[in-house]
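Going down the list, the protein sequences come from chains F and U.
Under the numbering used here, read the first sequence as residues -7 to 477, first letter to last.
Under the numbering used here, read the second sequence as residues 1086 to 1310, first letter to last.
Where a beta carbon is used, it is the ideal one built from N, C-alpha and C, also for glycine.
Keep in mind the model is a prediction, meaning the values are calculated, not measured.
Structure record follows, encoded as structure tokens.
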Amino acid sequence: MTKRRMFLRMVTASLLRRRSRMLIALLSIGIGSTILAGLVTIYVDVPRQMGAQFRSYGANMLLLPKEDGTLNRESLQAALNTIPADSLVGAAPYCYTRLDMTSRQQSFTAAGTDFDQIQKTSPYFSVEGNYPAKSREILVGREIAETIGVKTGSDMVLTWQPGTTSGSGAADGGRLPGSVLSGQAEGFGGGMVYVTASLDKESRIASLTADTSSQTPEIGGAVPENESFMEQFAGMTLPVRPEDVDVVSGATVTSTAIVNALNTAVATTTAVRPKTLNFNVAGILTTGGEEEGYVFLSLEDMETMTGSDRLDVAELSISASAGQLEEYAELIGESSDSVQARLVKRVTRSEASVLEKLTGLVFLVTLVVLLLTMICVSTTMTAVVSERRREIGLRKALGASDGSIRAEFLGEGLFLGLLGGVMGAVLGFAFAQAVSVHVFGSSIMFQPLLLPAAILVSMTIAALSCLLPIRRAVAIDPALVLKGE
Amino acid sequence: MSLLELKNVSKIYGELKALDNVNIHVDQGEWVAIMGPSGSGKSTMMNIIGCMDKPTSGEVLLDGVDISKESSRKLTDIRRDKIGLIFQQFHMVGYLTAVENVMVSQYYHSMPDEEEALEALGRVGLRERARHLPSQLSGGEQQRVCVARALINHPELILADEPTGNLDEANENIVLDLFAQLHKEGTTLIVVTHDPEVAEAAQRTIVLEHGRVAREIINENFGKS
């Protein structure tokens, strides 16, 4: 048998055959190690935990269209793809417009959105009834509901009026680049003259056709065949000044009617009719905020009404540190030419400061527990040493050098540390899991590194705690075994 | 040839002269008893011979080496290499089995060898009790394990402190028989005792009184009983 095997045999025998005594030492290391492992696990997991917690206070990033870009589902999805899927809690798109309830002569701000996502980005929304699940179902803000007296299950007829979108183009008659305009004006003898003009990319007239069949044949009726008259409009921008136009002699009234028709022409694409749909109120929304004055409907219904897939903003809830959020925002701004990201500083800043305080607190508690564990283990080991005075004296009398005594006690301490570390890793994880579930309401993943780390820390604590007791052990006089006590 | 020689050895604790100018010598292979009432300086002498204490003055030659001025580390080496100790209270490591207790002595001396340790237990008649813990052994059995432990490293000197003080007569005789065997094999034995019977088993008895050697008695009947 080698010396090493005998050493291990003595050390393990000391622990295994003196169970009750060493159990106390093991318990103190084990419990200390458990709390430490638990706290460290929580410490590591706190940012994730709290990140998820903070997500219940609402979005921390906004996606907005760039000045010359549009935000729609495609560009939103493209922007979302730059954020890691596992940290994206939710992304709620919003498209705002005014909808009228003609029966009550009321007009409301309406938001088209995605109700699944709203529940993720704004978990504090409180809905009486249900979130809309089907088409033609809406969520009505409490304020509106009280004003007009609707309840869950009520029907509401809502009308969208063209030109009420906040987008550009409606105010100037829809003279958008590339659009086709049509108009009409009264000509000679009260007959109507119709024109259709197409605009080029610079909003200049590219082509013009006119219908003058109500005018005097050969005179007014022949104006559209007059090439020099018709072609002079090419390149002009609307509105056309009458003095810039050379009229067809003898058909002055018809010519002027064509100019008037052109100037009042509106884009055929924006010449959309008002749209009225019948909705069912699925729920009443209470938020304590301005949302109570809104009507929420699905994006699909919104599109059906307005015919546009334009979005005004998307609220994102992302589980990430302030630094990461800034990175994501920058990335989105760089990669997309139509979408920009903005952080909700109020949320991200307070998150960062709360996190800092919380991790600091856990760190402090960890330090205190570390210290307490060391004191506890050291005390226990000191008690063990004085309990084993005779044995130590005997060993020295038998020829044990100070080094041997040190090695044996350190060996026992390290062995205790090893057992305590394993115990700590397992129980500590359970402890952290329990804390996580009860305090944060979510579970944590087992960190494989926890086991070696707990063992290492626990053995180090045990070794350090043994230093003083070992000094006492070494100081024991071997002669005491001869005194026949 | 003398194995141990004390020349003018004194040990003074403050006012108290525990040993006062003691001169003794023990030959190689000799079996010597040291007797004396309590307070006579037996324990002090035992500690000094056992390399666990140093005299205030005088020389202690063990196997020709003066151990009176050595460092305690050096003394530990000498004790381990040359001396086998047997104590009144048996003193075993409580959580180790009989054979392991014997092996502890081997471990500090050189190399643990279970076979050899079992043989030594066989010599004291405890081979079949080798796997028992001290708590499962009687006092006599424990003391026999201690004898086995003391002889395992073939020390030049076996130093026994009241080895039979806590034993019944049957076990006392077993231990004394073991001493006789060791003596025959040439081991030097120094036995500190109160017990005249134990002293009579030795070749020579040194009687201490008030820290001095009062007298020496040669056992005329040695080896005849």
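Within-8 angstroms CB hit, residue i to chain F
i                         : result
proline 1240 (chain U)    : no
threonine 1161 (chain U)  : yes
valine 1178 (chain U)     : yes
arginine 1216 (chain U)   : no
proline 1197 (chain U)    : yes
asparagine 1132 (chain U) : yes
histidine 1279 (chain U)  : no
tyrosine 1192 (chain U)   : yes
arginine 1165 (chain U)   : yes
Under 9 angstroms by beta carbon: chain F residues contacting residue i
i                        : result
leucine 1181 (chain U)   : Arg1, Met2, Ala5, Ser6, Arg9
threonine 1185 (chain U) : Reading the sequence as shown, one finds glutamate at residue 1185 (chain U) and not threonine. Here the neighbours are Met(-2), Arg1, Met2, Ala5.
aspartate 1289 (chain U) : It should be noted that the sequence gives arginine, not aspartate, for residue 1289 (chain U). Here the premise fails: no neighbours, minimum Cβ distance about 22 angstroms.
DSSP-derived helix/strand/coil call for residue i
i                            : result
threonine 157 (chain F)      : Residue placement at threonine 157 (chain F) cannot be trusted, given a pLDDT of 42 that sits under 50; what the coordinates show is reported in the next sentence. It is coil, neither helix nor strand.
arginine 464 (chain F)       : helix
arginine 167 (chain F)       : coil
phenylalanine 1175 (chain U) : coil
aspartate 301 (chain F)      : coil
asparagine 218 (chain F)     : coil
arginine 1 (chain F)         : helix
glycine 24 (chain F)         : helix
tyrosine 1192 (chain U)      : helix
threonine 262 (chain F)      : Residue placement at threonine 262 (chain F) is poorly supported in this model, since its pLDDT is 48, which falls under 50; the coordinates are not used for a value here.
serine 396 (chain F)         : helix
arginine 90 (chain F)        : strand
valine 418 (chain F)         : helix
tyrosine 123 (chain F)       : coil
phenylalanine 355 (chain F)  : helix
Chain U contact for residue i (CB, 8 angstroms cutoff)
i                        : result
valine 473 (chain F)     : yes
glycine 391 (chain F)    : yes
proline 461 (chain F)    : no
glutamate 383 (chain F)  : yes
leucine 386 (chain F)    : yes
serine 396 (chain F)     : yes
methionine 373 (chain F) : no
Among the options, the one whose alpha carbon lies nearest that of residue i
i                            : options                                    : result
phenylalanine 1175 (chain U) : U:Arg1234, U:Met1120, U:Gly1126            : U:Arg1234
glycine 50 (chain F)         : F:Leu289, F:Ser311, F:Ile197               : F:Ser311
arginine 488 (chain F)       : F:Glu322, F:Phe117, F:Tyr116, F:Phe107     : Residue 488 (chain F) lies beyond the stretch modelled for chain F, which goes from -7 to 477, so this question has no answer here.
alanine 243 (chain F)        : F:Gln224, F:Ala257, F:Pro216, F:Asp236     : F:Pro216
alanine 318 (chain F)        : F:Ala70, F:Ile75, F:Thr374                 : Note on identity: in this sequence residue 318 (chain F) is glutamate, with alanine being the wrong assignment. It is F:Ile75 whose Cα lies nearest to the Cα of glutamate 318 (chain F).
glutamate 235 (chain F)      : F:Met222, F:Ala226, F:Val251               : F:Val251
threonine 113 (chain F)      : F:Ser309, F:Leu406, F:Phe401, F:Ala389     : F:Ser309
aspartate 1112 (chain U)     : U:Pro1281, U:Leu1274, U:Ile1302            : U:Leu1274
valine 1230 (chain U)        : U:Ala1299, U:Glu1213, U:Leu1242            : U:Glu1213
valine 119 (chain F)         : F:Gly416, F:Glu283, F:Gly420               : F:Glu283
leucine 1034 (chain U)       : U:Glu1115, U:Gln1288, U:Gly1121            : No information on residue 1034 (chain U) is available, as it lies outside the stretch 1086 to 1310 that chain U covers here.
leucine 1181 (chain U)       : F:Ser428, F:Arg10, F:Gly281                : F:Arg10
glutamate 66 (chain F)       : F:Val369, F:Asp329, F:Leu443               : F:Asp329
isoleucine 1237 (chain U)    : U:Gln1288, U:Phe1172, U:Arg1165            : U:Arg1165
proline 440 (chain F)        : F:Val149, F:Ala417, F:Asn272, F:Leu200     : F:Ala417
leucine 1211 (chain U)       : U:Pro1240, U:Leu1263, U:Lys1127, U:Tyr1192 : U:Leu1263
glutamine 224 (chain F)      : F:Gln109, F:Asp238, F:Ser457, F:Phe117     : F:Asp238
8 angstroms Cβ cut-off: residues of chain F touching residue i
i                     : result
valine 1138 (chain U) : The sequence shown places aspartate at residue 1138 (chain U), rather than the valine named in the question. Result: Ala471.
Contact with chain B by residue i, beta-carbon distance below 8 angstroms
i                     : result
alanine 214 (chain F) : Here the protein chains are F and U, and chain B is not one of them.
Using 8 angstroms as the threshold, is the stretch 1096 to 1109 of chain U in touch with the stretch 1236 to 1252 of chain U, meaning 3 or more CB pairs across them?
no
The stretch 78 to 86 of chain F contacting the stretch 127 to 139 of chain F, beta-carbon criterion three pairs below 8 angstroms:
With the rule of 3 Cβ pairs closer than 8 angstroms, the stretch 78 to 86 of chain F does not count as touching the stretch 127 to 139 of chain F.
Indicate whether the contact test is met: 3 or more Cβ pairs, each with one atom in the stretch 1192 to 1209 of chain U and one in the stretch 1131 to 1140 of chain U, closer than 8 angstroms.
no
Check whether the stretch 332 to 342 of chain F touches the stretch 44 to 63 of chain F, counting contact only when three or more Cβ pairs, one atom from each stretch, lie closer than 8 angstroms.
By the criterion of at least three beta-carbon pairs nearer than 8 angstroms, the stretch 332 to 342 of chain F is in contact with the stretch 44 to 63 of chain F.
Contact between the stretch 339 to 357 of chain F and the stretch 433 to 453 of chain F: three or more CB pairs below 8 angstroms?
no
Quick check: the stretch 184 to 196 of chain F against the stretch 225 to 234 of chain F, are there 3 or more CB pairs under 8 angstroms?
yes
Can you confirm whether the stretch 418 to 434 of chain F touches the stretch -5 to 2 of chain F when touching is taken to mean that 3 or more C-beta pairs between the two stretches lie within less than 8 angstroms?
no
Between the stretch 263 to 278 of chain F and the stretch 181 to 188 of chain F, can you find at least three pairs of beta-carbon atoms closer than 8 angstroms?
no
Cβ contact (3+ pairs, closer than 8 angstroms) linking the stretch 276 to 293 of chain F and the stretch 203 to 216 of chain F:
no
Does the stretch 355 to 375 of chain F come close enough to the stretch 1147 to 1155 of chain U that 3 or more CB-CB pairs lie under 8 angstroms?
no
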